[in-house]
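Those letters in the sequence shown? Residues 1 to 247, per this note's numbering, in order.
First comes the structure, then the notes that go with it.
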Amino acid sequence: MKIRIGIIGLKGGVGKTTIALNTALYLSKKYKVLYIDKDLLSMGSLILGFNGIGFHKAIVEGLGKEQYEYKVNDNLTLFKLYSDPANEKELHHKVKDIGEKAEKAYVDLVSKGYDIIIVDYGRIFMTNDPLVYDEYEMFKRNFPNYLIAAVGITDAIRNDITDVVKYFLDTINRTKSKPLAFVINMVPQIGDIQKEIDQIVKEISQDVKCDILTIPFDEKLVQYSNMGEAEEMQKVGKLIERILSQG
């Protein structure tokens, strides 16, 4: 089985990139992994030390794949999609105009036998947003053998959790994706907050028909320290391992 996992949510700063990076690095110990950075600010790429200009601009300017493809380790490759936050829509239109040549460059990068593809959606994944959705459609068109799955990420605020549950369910229904996990991230370890989160998990479990994971706040994780090694940040990766082992 090969699987593509979208890391999605409604807000910035809830840990989508932290979880995406940690999951990709953890899984790369055993599997061949592609990390697709679809954050307009390309934070994941920056954290991994890559400063290429990105796929869209490289294709428009006729530059090589070294501007958007980066080998992180033997099993992990980074694909930086976006190039210029202020002009990304214009670049995207130009890439579409290029057409077949751009799609071939995309397929050449993705078709390298990756077991797992982790997609960091820094920009909200919406089916009516071409800047986000066109790449997803291109992937499905060229790689129909991949299972498409999603992981929803939220912070520990009750209203945010409720909103993200609705968004998560709507997204997996629209895209016919497998709900892989719902993550309540950065739960403060103070007072009765954990008890409240436990109660919320019970309330949403009937609607969110997948594993619901909670991850406590840890300053080291926020600072991207010890990536791929922290046990709490291996939860999503271990869940993916289990699914792959079931075939």
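Backbone N, C-alpha and C define an ideal beta-carbon position, used for all residues, glycine too.
Buried or exposed: residue i, going by 16 or more other Cβ atoms within 10 Å of its Cβ?
| i | result |
| --- | --- |
| residue 92 | buried |
| residue 86 | exposed |
| residue 1 | exposed |
| residue 67 | buried |
| residue 69 | buried |
| residue 42 | buried |
| residue 120 | buried |
| residue 207 | exposed |
| residue 220 | exposed |
| residue 83 | buried |
| residue 127 | exposed |
| residue 159 | exposed |
In chain order, what residues of the same chain have a beta carbon less than 8 Å from the beta carbon of residue i, not counting five sequence neighbours either side?
| i | result |
| --- | --- |
| residue 211 | 180, 181, 182 and 239 |
| residue 51 | 45 |
| residue 38 | 81, 82, 119, 120, 121, 122, 123, 132 and 135 |
| residue 13 | 155 |
Skipping 5 residues on each side, what residues in its chain have a beta carbon closer than 7 Å to that of residue i?
| i | result |
| --- | --- |
| residue 102 | 59 and 95 |
| residue 125 | 6, 8, 132 and 171 |
| residue 10 | 124, 163, 164 and 167 |
| residue 189 | 216 and 217 |
| residue 113 | 32 |
Look up residue i in the DSSP assignment and say whether it is helix, strand or coil.
| i | result |
| --- | --- |
| residue 186 | strand |
| residue 231 | helix |
| residue 37 | strand |
| residue 156 | coil |
| residue 151 | strand |
| residue 167 | helix |
| residue 289 | For residue 289 there is no data in the structure shown, the boundaries of the chain being 1 and 247. |
| residue 3 | strand |
| residue 85 | helix |
| residue 176 | coil |
In chain order, what residues of the same chain have a beta carbon less than 6 Å from the beta carbon of residue i, not counting five sequence neighbours either side?
| i | result |
| --- | --- |
| residue 48 | 72 and 78 |
| residue 116 | 3, 27, 31 and 33 |
| residue 148 | 4 and 177 |
| residue 17 | 43, 44 and 120 |
| residue 36 | 79 and 119 |
Just tell me which of the options has its CA closest to the CA of residue i.
| i | options | result |
| --- | --- | --- |
| residue 218 | 186, 148 and 51 | 186 |
| residue 111 | 122, 141 and 97 | 141 |
| residue 214 | 74, 13, 19 and 3 | 19 |
| residue 25 | 12, 226 and 143 | 226 |
| residue 229 | 37, 22, 137 and 76 | 22 |
| residue 157 | 128, 196 and 134 | 196 |
| residue 174 | 136, 203 and 192 | 136 |
Please go through the stretch 91-133 and give each complete alpha helix (DSSP H) segment of 4 or more residues, from N-terminal end onward.
100-110
Taking only runs that begin and end inside the stretch 5-39, name each unbroken beta strand (DSSP E) of 3 or more residues, in chain order.
33-37
Whole alpha helix (DSSP H) runs in the stretch 38-63 with 4 or more residues, listed along the chain?
43-47 and 55-61
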